[in-house]
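**Q** In this note's numbering, the protein residues as written are 1334 to 1525.
Glycine included, C-beta positions come from ideal geometry on N, C-alpha and C.
1. Give the DSSP-derived three-state secondary structure of residue 1374 in the structure shown.
2. Residue range of the alpha helix (DSSP H) that residue 1442 falls in?
3. Whole angstroms is fine: what's the gap from residue 1467's alpha carbon to residue 1499's?
4. Counting C-beta neighbours from all protein chains within 10 Å, is the total for residue 1367 16 or more, i.e. buried, or is it exposed?
5. Taking the alpha carbon of residue 1359 as the point to measure from, which residue in 1463, 1434, 1394 has its own alpha carbon closest?
6. So, using beta-carbon positions, are residue 1408 and residue 1442 closer together than 8 Å?
7. Closest to residue 1425 by C-alpha separation, out of 1438, 1516, 1362, 1369, would be which residue?
8. When we look at the beta-carbon of residue 1508 and count the other beta-carbons within 10 Å, is it buried (16 or more) or exposed?
9. Beta-carbon within less than 7 Å of residue 1337's beta-carbon, same chain only, minus the 5 sequence neighbours each way: which residues are those?
10. For residue 1503 versus residue 1492, is the C-beta distance shorter than 8 Å?
11. Can you look up residue 1434 in the DSSP assignment and give me helix, strand or coil?
12. With 16 other CB atoms within 10 Å as the buried threshold, where does residue 1505 fall?
13. Can you check DSSP and say which residues form a bridge with residue 1394?
14. Please state whether the Cβ-Cβ distance between residue 1455 and residue 1522 is less than 8 Å.
15. Rounding to the nearest angstrom, what Cα-Cα distance links residue 1462 and residue 1448 in this structure?
16. What is the rounded straight-line gap between the Cα of residue 1518 and the Cα of residue 1377?
17. Does residue 1354 pass the burial test, meaning 16 or more other C-beta atoms within 10 Å, or should it be called exposed?
18. Comparing alpha-carbon positions, which option in 1417, 1520, 1361 lies nearest residue 1395?
See the structure below:
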């Protein structure tokens, strides 16, 4: 995909699962209402509290593959075994300084977006205070079993190593401070 000529503004929040990036994304959306949220597509099952088209586009593995082959997916990854996640091209159409887009995606997808959009995309990595704290948060969420948590923590180690390539790393040891710092970085980026 060739970036449009109208100076797109794309902010990508990325972090290990359980680091608080979705909480921070929601706070950004509330504080800067011109942001449009990019809803990701996934093949994972929908959780009881999730809504299709709002939290994710929940699609079958077959449909996901078809969208890859038709060119509808801007980026995609098998984030966890058998679980595909991706960004539909349509979600980034019209991104601009006046209409920035916020993505909440995995780190590999974040770097793919950065490769496409260059300096028109900002990658903010939300770092947990420690792997131990991350494990505690994942267990407290009570949405996964212990094996899934182990897989998520293994992946988190790799993501933490890759974080140094992000445009900005913000530690989420205190959510209010992390939100303030993220908002400061995002507002500066949008202004150019």
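**A** Straight from the coordinates:
1. strand
2. 1440-1450
3. 20 Å
4. exposed
5. 1434
6. yes
7. 1369
8. exposed
9. Note that residue 1337 scores a pLDDT of 44, beneath 50, so its modelled location is shaky; the value from the coordinates is reported in the next line. Nothing meets the Cβ criterion.
10. no
11. strand
12. buried
13. Paired residues: none, contrary to the question.
14. yes
15. 28 Å
16. 32 Å
17. buried
18. 1417
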